[in-house]
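Protein sequence lines, in the order shown, are assigned to chains A and B. Numbering follows this note's numbering, with no gaps: position 366 of the first sequence is 372. Numbering follows this note's numbering, with no gaps: position 168 of the second sequence is 174. See structure below.
Number of protein chains: 2
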Amino acid sequence: MMKIVIIGAVAAGTSAAAKARRNDEEAQIIIFEKDVDISYSGCGLPYYIGGIVKRRDEIVPRNTDYFKRKYNVDIFTRREVLNIDALGKKLTVKNLITDEVFLEDFDKLVIATGASAVVPNIPGVDKSNVFYLRNVQSADRIKDFINKNNPKKAVIVGSGFIGLEMTENLKELGIDVTIVELAPQVMPAMDKDMALYIEKYLIEKDINLVLADSVAAIEGEFPSTKVILSSGNKIETDFVIVAVGIKPNIKLAQNAGIEIGETGAIKVNKKMLTSTKYIYACGDCAESYSCLTGQNMYRPLGSTANKTGRIVGESLNGGSLEFRGILGTGIFKVFDKVIAYTGLSEKEALKEGYEIVICHNIKPDKAMYYGGQEMIIKGVADKNTGRLLGIQIVGTSGVDKRIDVFVTAITFGAKAEDLSHLDLAYAPPFSTAKDPVMYTGMILENEINRDKNK
Amino acid sequence: MMKIVIIGAVAAGTSAAAKARRNDEEAQIIIFEKDVDISYSGCGLPYYIGGIVKRRDEIVPRNTDYFKRKYNVDIFTRREVLNIDALGKKLTVKNLITDEVFLEDFDKLVIATGASAVVPNIPGVDKSNVFYLRNVQSADRIKDFINKNNPKKAVIVGSGFIGLEMTENLKELGIDVTIVELAPQVMPAMDKDMALYIEKYLIEKDINLVLADSVAAIEGEFPSTKVILSSGNKIETDFVIVAVGIKPNIKLAQNAGIEIGETGAIKVNKKMLTSTKYIYACGDCAESYSCLTGQNMYRPLGSTANKTGRIVGESLNGGSLEFRGILGTGIFKVFDKVIAYTGLSEKEALKEGYEIVICHNIKPDKAMYYGGQEMIIKGVADKNTGRLLGIQIVGTSGVDKRIDVFVTAITFGAKAEDLSHLDLAYAPPFSTAKDPVMYTGMILENEINRDKNK
Numbered sequence: 007m008m009k010i011v012i013i014g015a016v017a018a019g020t021s022a023a024a025k026a027r028r029n030d031e032e033a034q035i036i037i038f039e040k041d042v043d044i045s046y047s048g049c050g051l052p053y054y055i056g057g058i059v060k061r062r063d064e065i066v067p068r069n070t071d072y073f074k075r076k077y078n079v080d081i082f083t084r085r086e087v088l089n090i091d092a093l094g095k096k097l098t099v100k101n102l103i104t105d106e107v108f109l110e111d112f113d114k115l116v117i118a119t120g121a122s123a124v125v126p127n128i129p130g131v132d133k134s135n136v137f138y139l140r141n142v143q144s145a146d147r148i149k150d151f152i153n154k155n156n157p158k159k160a161v162i163v164g165s166g167f168i169g170l171e172m173t174e175n176l177k178e179l180g181i182d183v184t185i186v187e188l189a190p191q192v193m194p195a196m197d198k199d200m201a202l203y204i205e206k207y208l209i210e211k212d213i214n215l216v217l218a219d220s221v222a223a224i225e226g227e228f229p230s231t232k233v234i235l236s237s238g239n240k241i242e243t244d245f246v247i248v249a250v251g252i253k254p255n256i257k258l259a260q261n262a263g264i265e266i267g268e269t270g271a272i273k274v275n276k277k278m279l280t281s282t283k284y285i286y287a288c289g290d291c292a293e294s295y296s297c298l299t300g301q302n303m304y305r306p307l308g309s310t311a312n313k314t315g316r317i318v319g320e321s322l323n324g325g326s327l328e329f330r331g332i333l334g335t336g337i338f339k340v341f342d343k344v345i346a347y348t349g350l351s352e353k354e355a356l357k358e359g360y361e362i363v364i365c366h367n368i369k370p371d372k373a374m375y376y377g378g379q380e381m382i383i384k385g386v387a388d389k390n391t392g393r394l395l396g397i398q399i400v401g402t403s404g405v406d407k408r409i410d411v412f413v414t415a416i417t418f419g420a421k422a423e424d425l426s427h428l429d430l431a432y433a434p435p436f437s438t439a440k441d442p443v444m445y446t447g448m449i450l451e452n453e454i455n456r457d458k459n460k
Numbered sequence: 007m008m009k010i011v012i013i014g015a016v017a018a019g020t021s022a023a024a025k026a027r028r029n030d031e032e033a034q035i036i037i038f039e040k041d042v043d044i045s046y047s048g049c050g051l052p053y054y055i056g057g058i059v060k061r062r063d064e065i066v067p068r069n070t071d072y073f074k075r076k077y078n079v080d081i082f083t084r085r086e087v088l089n090i091d092a093l094g095k096k097l098t099v100k101n102l103i104t105d106e107v108f109l110e111d112f113d114k115l116v117i118a119t120g121a122s123a124v125v126p127n128i129p130g131v132d133k134s135n136v137f138y139l140r141n142v143q144s145a146d147r148i149k150d151f152i153n154k155n156n157p158k159k160a161v162i163v164g165s166g167f168i169g170l171e172m173t174e175n176l177k178e179l180g181i182d183v184t185i186v187e188l189a190p191q192v193m194p195a196m197d198k199d200m201a202l203y204i205e206k207y208l209i210e211k212d213i214n215l216v217l218a219d220s221v222a223a224i225e226g227e228f229p230s231t232k233v234i235l236s237s238g239n240k241i242e243t244d245f246v247i248v249a250v251g252i253k254p255n256i257k258l259a260q261n262a263g264i265e266i267g268e269t270g271a272i273k274v275n276k277k278m279l280t281s282t283k284y285i286y287a288c289g290d291c292a293e294s295y296s297c298l299t300g301q302n303m304y305r306p307l308g309s310t311a312n313k314t315g316r317i318v319g320e321s322l323n324g325g326s327l328e329f330r331g332i333l334g335t336g337i338f339k340v341f342d343k344v345i346a347y348t349g350l351s352e353k354e355a356l357k358e359g360y361e362i363v364i365c366h367n368i369k370p371d372k373a374m375y376y377g378g379q380e381m382i383i384k385g386v387a388d389k390n391t392g393r394l395l396g397i398q399i400v401g402t403s404g405v406d407k408r409i410d411v412f413v414t415a416i417t418f419g420a421k422a423e424d425l426s427h428l429d430l431a432y433a434p435p436f437s438t439a440k441d442p443v444m445y446t447g448m449i450l451e452n453e454i455n456r457d458k459n460k
């Protein structure tokens with residue numbers, strides 16, 4: 007009987023366990039989780055803080071009993087793995103409740119240690135009114151602070167999707183929000199021209215934007231906290247949320263001699279196997295790769311954690327399932343706007359050395375007489391092959407549909423000219439007779455042909 | 007200078023004209039249209055009758071001036087083409103306003119004569135309170151009847167998407183609706199098991215369903231009209247809408263010796279050329295084909311009319327664009343339910359001789375804590391190749407997204423096993439970490455593997 011030990015019981019670890027159990031009824035499967043919560047929806051935390059999600063158990067719907075009952079998987083929470091003895095196939099584990107330290111052996115090990123918020127190295131980041139959003143407890147702390155202190159002003163450091171989701175949720179609670187972003191634009195992952203639409207909208211929603219500046223220090227305790235910027239400007243605030251990115255938790259793996267990839271995450275092959283042949287890694291601690299360029303990437307997301315966890319579950323039992331990489335798809339809403347992207351941005355495509363054409367296509371998501379609302383689609387295609395490389399969309403409704411159609415098309419190697427032929431579903435409440443996806447393909451195709459005819 | 011004459015100025019004819027003009031600034035382009043309205047949204051007519059679309063010009067946004075100004079295309083309405091002299095390259099045209107008959111020559115001809123409602127051969131179908139929905143004037147007539155007579159009861163004959171869209175729109179006007187359907191299920195294009203969900207829902211919405219029965223006669227004038235069914239049952243009603251299908255308008259082409267396809271529509275090649283080498287056909291009068299099976303099909307829809315019109319526009323100028331066929335995608339809403347389908351149903355796949363696996367997958371469209379609502383996805387895949395063949399969905403929100411992702415995947419030849427690898431956009435307001443599309447792929451894959459292991 008194989009003994010599988012998994013470190014981490016959030017998305018990837020529990021996916022791996024569930025899939026491993028489906029493939030092998032006999033194996034012993036154990037998960038150690040440092041945290042108190044398991045299998046929670048990290049992506050739902052901004053909405054839990056904002057009160058759209060009413061109950062904590064909606065974000066943490068499953069407990070250890072559920073996994074025992076449904077999958078015969080033993081999950082032990084508050085157990086921190088201190089060390090991996092890769093050669094001896096043993097873990098040193100600390101029971102954080104009793105402080106007891108014990109050894110646990112394994113036949114196969116799965117590292118699903120996730121990622122942590124990046125903590126900038128500046129004075130004041132450890133103050134009690136400076137928060138990071140990562141696990142449910144970190145969300146509880148923000149919620150508690152808001153409930154107890156009824157704050158009026160917040161500074162959010164970072165304008166990636168978590169920063170912007172938090173912006174919406176805090177503003178909806180009546181809190182005045184200032185965003186501080188190091189880059190000269192919000193959403194640095196997107197092209198500047200698309201970020202401008204988001205910036206304009208945030209200003210309309212009375213969000214204070216401080217771009218091309220950074221936090222030098224945080225001074226004073228609540229209620230007299232000041233954020234000191236590198237520019238010398240100061241912002242009075244009641245609390246600060248730092249959302250400047252997350253980094254993979256690789257220390258355990260690194261100490262065990264497991265290879266770390268160029269992106270800083272744990273290097274894995276397509277079966278999610280690490281450099282040690284009976285140790286797997288999945289989820290936010292593992293390196294990913296682009297199915298478009300083949301390049302290694304680090305884009306930790308819940309959807310990818312689920313995928314890679316499932317692949318580990320297969321691999322543990324000798325399955326042939328392989329990870330096919332990601333496109334780097336993302337989507338989020340901020341108030342009534344929806345922002346989505348997949349594949350390469352213009353700047354990324356140029357950096358990769360592609361000769362490209364681009365288009366900006368403004369079209370309603372459905373028939374105007376049925377309440378259609380315009381979205382802006384930026385498309386990037388390879389000038390030489392015609393291949394679609396990337397899409398960025400800013401819109402209101404129907405953005406999630408278009409990005410997923412583009413994702414699917416790009417995954418299958420679609421050329422710009424393929425899009426206008428798609429037999430997409432048309433009825434006035436859902437789209438236009440020529441869908442925005444099709445127009446995007448037609449415009450890119452025209453750009454390519456124009457360039458060829460020069 | 008080439009002289010292009012087009013018969014028909016709705017979706018296909020005007021698309022052909024616009025594209026032809028973009029490719030050739032010199033050509034003379036003329037369109038003859040029998041109707042008074044041009045370039046209207048046929049798919050929007052049920053919502054015009056229901057009052058969701060407030061103004062007639064929202065459905066008919068462009069007039070002949072627009073086409074003259076923007077494309078230098080001359081559109082003559084109320085001009086009926088009586089005859090095509092294919093060899094002599096001449097049309098006989100009647101001016102329906104003056105009754106004058108004249109000849110018009112052409113270099114290239116485009117037949118975009120559309121389709122007509124099927125009129126059953128039963129007594130009473132010509133009564134003034136029996137309606138068909140096809141062009142804007144037919145919608146005007148229904149609207150006028152309702153406004154003048156304030157009817158309380160309607161019988162809709164046929165339960166395809168037009169019948170069901172009319173059901174919603176009449177019911178929302180406070181009219182009691184009875185649907186009479188010849189088949190033993192609603193939406194005969196779909197599988198019975200999926201139609202059952204729709205039937206259950208229609209009954210919940212207080213729609214009277216009469217299945218496996220047909221209209222034998224319509225007796226009496228308003229307000230004492232009775233629909234006599236083949237079963238002998240009688241339904242008292244204020245008016246009747248007949249929506250039992252549409253048939254291509256092929257008479258002109260047929261009389262000119264142009265070949266008609268096996269489906270009864272005008273036979274065309276991939277450049278939309280008919281059997282006569284300078285005469286093209288596009289839109290609802292032309293035959294289509296399945297990009298899945300290669301078989302000829304007749305599925306007249308506005309989206310396809312736009313596509314085939316555009317291809318004609320290219321072909322007229324010697325372009326290489328070819329029609330790639332359709333999947334037979336459809337979508338419509340009835341009250342709060344959305345129904346969509348693409349590719350082959352189970353019954354169609356079996357008829358085509360495929361060995362198949364199927365699945366029924368019930369999943370929420372987004373995170374439950376963000377208001378997710380379940381949809382039922384029926385998937386059909388080829389047991390031997392794993393290829394995805396068809397999808398049917400009944401749900402509430404997010405159905406249009408999933409069907410379009412499936413359309414794109416099927417178009418590119420996706421296998422069931424490909425779906426779980428898609429890097430679809432995930433955030434709680436839009437989807438679940440494993441999207442319903444991915445689950446569908448996984449379940450079909452399991453079915454295929456189970457069958458293999460038998």
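Backbone N, C-alpha and C fix where the C-beta goes; we use that ideal spot for every residue, glycine too.
Cα atoms of ILE181 (chain B) and ASN175 (chain B): separation of roughly 9 Å, rounded to the nearest angstrom.
Contact check for GLU380 (chain B) and LYS369 (chain B): beta-carbon distance about 7 Å, within the 8 Å limit, so the pair qualifies. Checking the DSSP bridge columns, you'll see VAL161 (chain A) partnered with A:THR184, A:VAL246. For LEU350 (chain B), not one C-beta of chain A is nearer than 8 Å to its own C-beta. Scanning B:PHE338, B:PRO442, B:GLY419 for the CA closest to the CA of LYS384 (chain B) turns up B:PRO442.
8 Å or more divides the Cβ of SER296 (chain B) from the Cβ of ASP197 (chain B). Taking a C-beta distance under 8 Å as the contact criterion, ALA33 (chain A) and ILE10 (chain A) qualify as a contact pair. Listed in chain order, the non-local C-beta contacts of ASN302 (chain B) below 6 Å within the same chain comprise GLY267, GLU268, THR269, GLU293, TYR295, local neighbours out to five positions each way being set aside.
When only Cα atoms are considered, ALA201 (chain A) and ILE409 (chain A) end up about 17 Å apart.
One Cα belongs to ALA271 (chain B), the other to GLY331 (chain A), and the distance between them is close to 45 Å. Where ILE44 (chain B) is concerned, there is no enclosing alpha helix (DSSP H), because DSSP gives it neither an H nor an E.
In the DSSP assignment, SER309 (chain B) falls outside any beta strand (DSSP E) and within the unbroken alpha helix (DSSP H) covering 308-322. In the DSSP secondary-structure assignment, ASP91 (chain B) is bridged to B:LYS96. Residue state for THR119 (chain B) is assigned as coil, using DSSP reduced to three classes. Residue range 51-56 is occupied by the alpha helix (DSSP H) that includes LEU51 (chain B).
A direct Cα-Cα distance of roughly 12 Å separates GLY447 (chain B) from ASP388 (chain B). Residue contact check for THR280 (chain A) against chain B: no CB pair falls below 8 Å. The beta carbon of TYR54 (chain A) sits closer than 6 Å to the beta carbons of ILE65, ALA145 from its chain, once the five residues preceding and following it are set aside; these are given in chain order. Looking at the DSSP output, TYR77 (chain A) sits in no beta bridge, so it has no partner there. For the segment 62-78 of chain A, the residues whose beta carbon sits under 9 Å from a beta carbon of chain B are, in order, GLU64, ILE65, PRO67.
Counting every other CB atom within 10 Å of its CB across the protein chains shown gives VAL42 (chain B) a total below 16, marking it as exposed.
For the segment 364-387 of chain B, residues whose beta-carbon sits nearer than 8 Å to a beta-carbon of chain A comprise ALA373, MET374, TYR375, TYR376. Minimum Cα-Cα distance from ALA15 (chain A) among the listed residues A:PRO157, A:LEU258, A:ARG85 corresponds to A:ARG85. In this model, HIS427 (chain B) and ARG28 (chain B) are separated by some 40 Å (Cα to Cα). The beta carbon of PRO229 (chain B) sits closer than 7 Å to the beta carbons of ASP244 from its chain, once the five residues preceding and following it are set aside; these are given in chain order. At the C-beta level, ILE185 (chain B) and VAL400 (chain B) stay beyond 8 Å of one another. Under the 10 Å beta carbon count, SER134 (chain A) is surrounded by fewer than 16 other beta carbons and is classified as exposed.
Per DSSP, the continuous alpha helix (DSSP H) segment holding GLY169 (chain B) begins and ends at 167-178. Pairing ALA18 (chain B) with ASP424 (chain A), the inter-Cα distance amounts to about 20 Å. At a Cβ-Cβ threshold of 8 Å, LEU307 (chain B) and TYR432 (chain A) count as neighbours. Boundaries for ILE264 (chain A): no alpha helix (DSSP H) harbours it, and the DSSP string shows neither H nor E there.
Residue contact with chain B for PHE436 (chain A): present (Cβ-Cβ distance below 8 Å to some residue of chain B). Taking one beta carbon from each stretch, the segment 115-122 of chain A and the segment 227-241 of chain A have fewer than 3 pairs nearer than 8 Å; the two do not touch. Residue pairing for ILE241 (chain B): DSSP places it in a beta bridge opposite B:VAL233. The alpha-carbon of ARG75 (chain A) is positioned some 15 Å away from that of ILE44 (chain A). Residue contact check for PHE418 (chain B) against chain A: a CB pair falls below 8 Å.
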